[in-house]
Amino acid sequence: MILVLRAFLGIAGLLALVIALGFWFRPDALAAAFGIAPGDALGYSTLRADFGALFGAVGVLSLVAAVRNSARMLTAPLLLIGIGFSGRLLTIAMSGYESTMLQPMAVEIVLISLFAAGRNLLPKQ
Numbered sequence: 428m429i430l431v432l433r434a435f436l437g438i439a440g441l442l443a444l445v446i447a448l449g450f451w452f453r454p455d456a457l458a459a460a461f462g463i464a465p466g467d468a469l470g471y472s473t474l475r476a477d478f479g480a481l482f483g484a485v486g487v488l489s490l491v492a493a494v495r496n497s498a499r500m501l502t503a504p505l506l507l508i509g510i511g512f513s514g515r516l517l518t519i520a521m522s523g524y525e526s527t528m529l530q531p532m533a534v535e536i537v538l539i540s541l542f543a544a545g546r547n548l549l550p551k552q
């Protein structure tokens, strides 16, 4: 079971790194997929810096957790995705729900579950 968990953590980490690289090198394509429209250099800078950092950090730490078999490395990814999910709930409360919000929320719930499982089941080293 631990080996399967580590494999899923590694896959999640790799996918997050691919998304981070996408925000760095093809921000237009990823911005459109995420429902964002960068209008100027500041918008592109925000995509590359903020989104690249978020997905890059989640990716690197998830991969390190999988490779080193370490629960501690999952604290930051769990917090980052959890805070992001809280922002989605806040959006629903303040702006209403749209069906396009379901898919990213489902992905975040899966990631939160995966990172929480890793946090609880992997060695605390």
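Note that the working numbering gives residue 524 to position 97 of the sequence shown, counting from 1, and the numbers run on in steps of one.
Yeah, the Cβ is synthetic: ideal placement off N, Cα and C, and Gly gets one too.
Open item on the list: Considering just the uninterrupted stretch of the alpha helix (DSSP H) at Thr502, what are its terminal residues?
Closed with: Indexing the sequence shown from 1 puts residue 502 at position 75. Taken as a continuous stretch (DSSP letters only), the alpha helix (DSSP H) holding Thr502 covers Thr502 to Ser522.
Open item on the list: Taking 6 Å as the limit between beta carbons, can you name the residues of its chain near Phe542, skipping five residues before and five after?
Closed with: What you label residue 542 is simply residue 115 of the sequence shown in a count that begins at 1. By the criterion of a C-beta distance shorter than 6 Å, Phe542 is surrounded in its chain by Leu501, Pro504 and Leu505, once the five residues flanking it on both sides are discounted.
Task: Proximal residues to Arg515 (C-beta, below 8 Å), its chain only, five neighbours per side dropped - done: The residue labelled residue 515 in the question sits at position 88 within the sequence shown. Non-local C-beta neighbours of Arg515 in its own chain, meaning closer than 8 Å and more than five positions away in sequence, comprise Met528, Pro531, Met532 and Glu535, ordered along the chain.
Task: Residue burial classification, Gly523 (beta-carbon count within 10 angstroms, cutoff 16) - done: For this step, residue 523 is matched to residue 96 along the sequence shown. It is exposed - the Cβ of Gly523 has fewer than 16 other Cβ atoms within 10 Å.
- [ ] Leaving aside the five residues before and after Phe478 along the sequence, list all residues of the same chain whose C-beta is less than 6 Å from its C-beta, in chain order.
- [x] Numbered from its first residue, the sequence shown carries residue 478 at position 51. Within the same chain, Phe478 has close Cβ partners Phe450.
TODO: Note down, in chain order, each residue of its chain lying with its Cβ closer than 8 Å to the Cβ of Ile539, except the 5 sequence neighbours on either side.
DONE: Within the sequence shown, the letter at position 112 stands for residue 539. Excluding five sequence positions before and after Ile539, the CB atoms of its chain that fall closer than 8 Å to its own CB belong to Leu505, Ile508, Gly509 and Phe512, given in chain order.
Open item on the list: Would you call the region 484-492 in contact with the region 451-470, where contact means no fewer than 3 C-beta pairs closer than 8 Å?
Closed with: Cβ pair count under 8 Å is below three, so no.
- [ ] Consult DSSP for Ile463 and reduce its assignment to one of helix, strand or coil.
- [x] For the purposes of this step, residue 463 is taken as the residue at position 36 of the sequence shown. Shown here, Ile463 sits in coil according to DSSP, grouped into three states, outside any helix or strand.
Open item on the list: Please list the terminal residues of the continuous alpha helix (DSSP H) segment that includes Ala443.
Closed with: Your numbering for residue 443 matches position 16 in the sequence shown. Ala443: member of the alpha helix (DSSP H) spanning Ile429 to Phe452, first to last residue.
- [ ] Report the rounded CA-to-CA distance for Met521 versus Gly462, giving the unit in angstroms.
- [x] For this step, residue 521 is matched to residue 94 along the sequence shown. For this step, residue 462 is matched to residue 35 along the sequence shown. In a straight line, the C-alpha of Met521 is about 18 Å away from that of Gly462.
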